[in-house]
Amino acid sequence: MLARSALLPLLRAPALSVPRPPAAPARTPPTAHLRAMSTSPEAPIVPTDPSTVSSPLGDGNFIQTAGCLIIGDEVLNGKTKDSNSNFFAQYCFDLGIDLKRIEVIADDEDEIVEAARRMTEKYDFVITSGGIGPTHDDITYASLAKAFNLPLVHHPETLRRMWALTTPERRKELEAASQAQREARERMALFPTWKKEGDAKSEAIFVEADKWVPVVRLGGKLCVFPGIPSLFQQLLLALTPYLPLPPASSKPKPESAIAPYLTELQARVKKEGIRIGSYPYLYQGVHVSLIGHDVDRIRSLGEEVIKELDGKVVSEGKLGDESGSKFL
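Here the UniProt record's numbering is used: the first residue of the sequence shown is 1, the next is one more, and so on.
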């Protein structure tokens, strides 16, 4: 700061007009800079173009295995009931992905780091749920930054969307909020960020036009989701076009999809005394059973079922005096 000093002249002299030196530019606080960036002229709010997202597993490879990491003290102490892991299990089953592991861990940096590294090393597709809010105990992003050796950096596009999708009433509240409150909100846009060649890759994939929250993907495998069930489900389903998924032929068929064929088959072989049954197994598809007295006929029908349903034999044997086979 420039201070003026008053000097008493010894001699009276004509007044001189001395130009003042230009004032030093005010230093903009980081949070003010981020708010200015988030309120810049608005570009269209559209989802990320799937064609711009590369396949993390390489061309021709698709997701075969998955892991699920539920993060939150509130789940472990019973205050919150986890439904996200169940939804993810159903999601994987429907897409033909083999979900290998579900873990629930505390809001603890060391546990998050260890689990994230271990799961991404073993599985093709890993998700985390929870711990990405604005409070002090939301440490998922910071912990994952450590797990992947990446710096935490505010994501400009997330800040822009955060502001653009805020209602006018809420904007007024935010403008009147304290700096600490604004920093807490902007903390939700503080992501592990790829900075240099050799670092683990990080991506922010905007899967919904009406949501400013992206799915952050790290190392091409681990995707970060919020813990709120409705938002978790919406973002997970919307992420589907961005994933290298198994071909349709490898996906298990639900019982409803094979019911018409089995109904027709049962009507066709009823006079032969052959019984057809179907039994859905959680996360394993549907078992179809053929039971009758004629072993050769059962085997012949079995080959037809395998071809029609793209299945395989899981067991074959005798039930009393009858022959039976089961197919998946």
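Just so it is clear, CB atoms sit at the ideal spot from N, CA and C, and this is done for glycine as well. Keep in mind that this is a model prediction, so the values were computed, not measured.
- Selection 180, 61 and 93 evaluated against residue 244 yields 61 as nearest (Cα-Cα).
- DSSP places residue 98 inside the beta strand (DSSP E), whose first and last residues are 98–105.
- Comparing alpha carbon positions, the residue from 200, 230 and 115 closest to residue 216 is 200.
- In this structure, residue 57 keeps its C-beta atom at 8 Å or more from the C-beta atom of residue 126.
- Excluding five sequence positions before and after residue 214, the CB atoms of its chain that fall closer than 7 Å to its own CB belong to 158, 204, 205 and 206, given in chain order.
- Bridge partners of residue 279 according to DSSP: 287.
- Beta-bridge annotation (DSSP): residue 68 is paired with 102 and 127.
- Beta-bridge partners assigned by DSSP to residue 154: 190.
- Of 185, 160 and 145, the smallest CA-CA separation from residue 191 is found for 145.
- The criterion of a C-beta distance shorter than 8 Å is not satisfied by residue 45 and residue 124.
- Remark: C-beta atoms of residue 130 and residue 72 approach each other more closely than 8 Å.
- Beta-bridge analysis with DSSP links residue 217 to 203 and 223.
- For residue 293 and residue 274, the gap between their C-alpha atoms comes out near 8 Å.
- In terms of CA proximity to residue 156, 187 leads the group 309, 232, 187 and 114.
- DSSP places residue 178 outside any alpha helix (DSSP H), giving it a letter other than H or E.
- Annotation: the continuous alpha helix (DSSP H) that includes residue 302 extends over 295–309.
- Its Cα nearest to that of residue 120, the residue 67 stands out among 43, 67 and 278.
- When 128, 270, 258 and 114 are compared, the shortest CA-CA separation from residue 287 is found for 258.
- Between the alpha carbons of residue 239 and residue 173 lies a gap of roughly 32 Å.
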